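Engineer: Before anything else, here's the structure in question.
Residue numbers (full-length UniProt numbering): 1 to 85.
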């Protein structure tokens, strides 16, 4: 009876070890996936930053153009009567 109990405990022990090994394997797979994802995201970030910066600079340039044209228009209007007169 004792031997069968020891055999049962040993079997449970090995089953537990096998389960732990499987759990560890699943965790290692998840760690690898997360590592790959984080590397991909880190690689994409500078590109995203460049795109956003370029878009911002373009909008700033557009704003400057509209500001200068709106500033130029009144002066052009003022010049026209002088030229005609």
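Each residue gets a CB set at the ideal place from its N, CA and C atoms; glycine is no exception.
Just so it is clear, the structure is predicted and the values come from calculations on it, not from any experiment.
Please report the distance separating the alpha-carbon of residue 19 from that of residue 58.
Structural biologist: Roughly 57 Å between the two C-alpha positions.
Engineer: Could you check the C-alpha separation between residue 47 and residue 66 for me, to the nearest Å?
Structural biologist: When rounded, the distance between both Cα atoms is 29 Å.
Engineer: Output the distance between the C-alpha atoms of residue 62 and residue 50, rounded to the nearest integer angstrom.
Structural biologist: Straight-line Cα distance between these residues: approximately 18 Å.
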